[in-house]
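In the numbering used here, the protein residues as written are 525 to 777. Note that beta-carbon positions come from the ideal geometry of N, C-alpha and C, so glycine has one too. One structure is given here, and the rest of the page talks about it.
In structure tokens, the structure reads:
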């Protein structure tokens with residue numbers, strides 16, 4: 525399943541969402557990118573949202589070939605601009621490495637896979653709860669733990685999207701994000717890349733200096749941008765600043 529905004533004749537911009545998500549991770553960004561003259565293509569990744577999971581696929585490595593073929597089908601042979609958030613950032617790095625002819629410019633957003641974390645953030649279970657209000661309260665708490673920095677950003681829309689997205693996650697046993705797969709793969713890219721993170725990204729908490737050092741050491745890195753007053757879901761929490769930053773990065777030769 526994919527969603528498209530903008531003129532068919534405009535240059536494609538492909539957005540890959542995060543784990544336990546869907547296209548709606550980009551709900552505050554797609555119209556701004558389309559208004560800037562891009563054909564914005566946003567798939568639901570395999571096993572998330574409204575997309576079926578290919579048989580036997582359990583993590584990002586199994587999505588590389590299906591997504592590469594999908595990108596060719598919906599956007600052409602490329603090379604294309606690709607922006608990947610969190611799990612989608614990890615996947616986008618793997619796609620760019622395996623299919624360099626497909627990717628012209630890569631922007632990773634809040635990507636894991638740098639080998640800096642040894643445990644997951646503790647989220648609360650909601651599946652056993654018997655009312656929508658109780659489940660919504662847990663979704664609100666989990667958004668505060670992982671996704672959004674400012675409690676005021678955890679609005680009704682964020683809670684609604686979180687409830688929809690996590691309820692359709694058919695790949696809950698993913699493990700590559702806890703490895704250093706992105707760190708090992710980035711130097712192989714033939715395209716240069718940019719990285720964008722919320723300055724309060726919960727995945728890295730007190731590890732921002734270490735993350736910065738790893739990304740800055742990459743020979744093909746172009747720019748590392750931290751968005752103030754934003755957590756992991758930076759493109760939702762600080763949409764205007766994020767949209768401006770990404771469009772600026774994409775406009776540079």
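By the C-beta density criterion, residue 733 is exposed, having fewer than 16 other C-beta atoms within 10 angstroms. Looking only at 590, 704, 768 and 663, the smallest Cα-Cα distance to residue 635 is reached by 704.
Of the candidates 660, 584, 689 and 535, the residue whose Cα lies closest to the Cα of residue 559 is 535. Per DSSP, residue 657 lies in no beta strand (DSSP E); the unbroken alpha helix (DSSP H) holding it starts and ends at 656–666.
One thing to note: residue 552 has its Cβ no nearer than 7 Å to the Cβ of residue 769.
Residues of the same chain with a CB within less than 6 Å of the CB of residue 757, apart from the 5 flanking positions on each side, are 671 and 672 in chain order. In the three-state reduction of the DSSP assignment, residue 551 falls in the coil class, being assigned neither a helical nor a strand state. Take residue 529, set aside five residues on each side of it, and the residues of its chain with a beta-carbon closer than 6 Å to its own are 554, 558 and 564, in chain order. For residue 701 and residue 759, the gap between their C-alpha atoms comes out near 20 Å. For residue 684, the enclosing alpha helix (DSSP H) stretches over residues 680–690.
Residue 526: member of the beta strand (DSSP E) spanning 526–529, first to last residue. Assigned with DSSP and collapsed to three states, residue 648 falls in coil, not helix or strand. In this structure, the alpha-carbon of residue 729 lies about 10 Å from that of residue 755.
Here the alpha carbons of residue 653 and residue 711 stand approximately 45 Å from one another. Beta-bridge analysis with DSSP links residue 745 to 717. Between residue 669 and residue 662, the alpha-carbon positions lie close to 11 Å from each other.
If you compare the alpha carbons of 681, 612, 641 and 642 with that of residue 719, the shortest gap goes to 612. If the five residues before and after residue 682 are omitted, its C-beta is found closer than 7 Å to the C-beta atoms of 667, 672 and 760, all from its own chain and listed in chain order. In the structure shown, residue 729 falls within a helical segment according to DSSP collapsed to helix, strand and coil.
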